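These notes are about the structure you will find just below.
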Amino acid sequence: MSLNEQRSHWDLKYEQGLPSLEKPDPFYLSSFDQFVADSFPNGGTALDLAGGIGRHALWLAKRNWQVTAVDISEVAIRKLDLKARQLDLELDLFALDAKEYPFKAACFDLIVMFYHFDRNICPKVLSTLKAGGILICKSSLKWDSYKGAAPVNMRPLERGEILSMLPGLRVMHHQERPVRDRGVVEYVGKKPGFREITTPK
52 MSLNEQRSHW DLKYEQGLPS LEKPDPFYLS SFDQFVADSF PNGGTALDLA GGIGRHALWL
112 AKRNWQVTAV DISEVAIRKL DLKARQLDLE LDLFALDAKE YPFKAACFDL IVMFYHFDRN
172 ICPKVLSTLK AGGILICKSS LKWDSYKGAA PVNMRPLERG EILSMLPGLR VMHHQERPVR
232 DRGVVEYVGK KPGFREITTP K
């Protein structure tokens, strides 16, 4: 599937509505409370990759985080922009495939990746995370045999693969389990190093 075909696919889905992607994922909420909240009491900078209509981006922005949200679907980004304006929240929005986003070194305190794990951008994701920064990730896992047509870099992860794809992060949580006809991996990692605590203006 080409980039334009992917974009059209997701534009259609978001036009039709995806109620299941409107509320923050329970794993995200529990991980934030357990691993992020105490380390960033005043908020920080966050990147939501393939963030859809902003279920996590909006949640963070309401809590004083400076949020950048990226999604391939222009429809999703347009809906997110409208919702943010209604809530009087400021977000940096990019209607781009995650691999097209211009990652800058040591830019974010928190990165959120839910159901979009592109093996090819892992080094960029790691480089844009600040020292002391945290990655919360949930993705599809190949539990039995995989018969899909996704390109190699976007196929569901193998069991244990996420650990090799994110070297250098200290694993704070890692669980893999079957869900219906596939599996899911839930992961939280922290980039070692000193984090300077600053108070947002």
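Whatever position you read off the sequence shown (first residue = 1), add 51 for the working numbering.
Glycine included, C-beta positions come from ideal geometry on N, C-alpha and C.
Predicted, not measured: the structure shown is a model, and the values here were computed from it.
Query, Result
"How would you call alanine 127, buried or exposed, if buried means at least 16 neighbouring beta carbons within 10 angstroms?", "buried"
"Just to confirm the assignment, what range does the beta strand (DSSP E) spanning lysine 241 have?", "233-241"
"Just the Cα atoms here: how many angstroms apart are aspartate 232 and tryptophan 194?", "8 angstroms"
"Output the distance between the C-alpha atoms of proline 243 and histidine 224, rounded to the nearest integer angstrom.", "15 angstroms"
"Can you grab the Cα-Cα spacing for the pair leucine 177 / leucine 217, in whole Å?", "7 angstroms"
"Spell out the partners DSSP gives arginine 221 in its beta bridges.", "Lys241"
"Here's the rule I'm using: 16 or more other beta-carbon atoms within 10 Å means buried, otherwise exposed. How should histidine 124 be labelled?", "For clarity, residue 124 is serine in the given sequence; the question names histidine instead. Looking at its Cβ environment, which holds 16 or more other Cβ atoms inside 10 Å, serine 124 is buried."
"At a cut of 8 angstroms, does the segment 75-95 reach the segment 144-154 through at least three beta carbon pairs?", "no"
"For the alpha helix (DSSP H) containing serine 82, name the first residue and the last one.", "77-82"
"What distance in whole Å lies between the Cβ atoms of glycine 184 and leucine 161, which are believed to be in contact at a cut-off of 8 angstroms?", "6 angstroms"
"Rounded to whole angstroms, how far is the Cβ of isoleucine 187 from the Cβ of valine 239, which I believe are closer than 8 angstroms?", "5 angstroms"
"In whole angstroms, what is the alpha-carbon distance linking threonine 250 and asparagine 115?", "Below a pLDDT of 50, predicted positions are generally treated as unreliable, and threonine 250, at 46, falls in that range; the measurement from the model is reported next regardless. Roughly 11 angstroms separates the two Cα atoms."
"Under 8 angstroms between the Cβ atoms of lysine 181 and aspartate 76?", "no"
"For phenylalanine 154, which option in Thr119, His167, Arg228 has the closest C-alpha, if you only look at C-alpha atoms?", "Thr119"
"How is the alpha helix (DSSP H) around glutamine 85 delimited, first residue to last?", "Careful: glutamine 85 lies outside any alpha helix (DSSP H) and carries neither H nor E."
"With 16 as the cutoff for other CB atoms within 10 Å, does glutamate 141 come out buried or exposed?", "exposed"
"Could you give the first and the last residue of the continuous alpha helix (DSSP H) run that contains alanine 127?", "125-137"
"Taking the C-alpha atoms as reference points, what is the distance between histidine 167 and tyrosine 79?", "14 angstroms"
"Find the nearest neighbour of methionine 164 within the set Gln85, Val121, Gly211, Lys74, judged by alpha-carbon distance.", "Val121"
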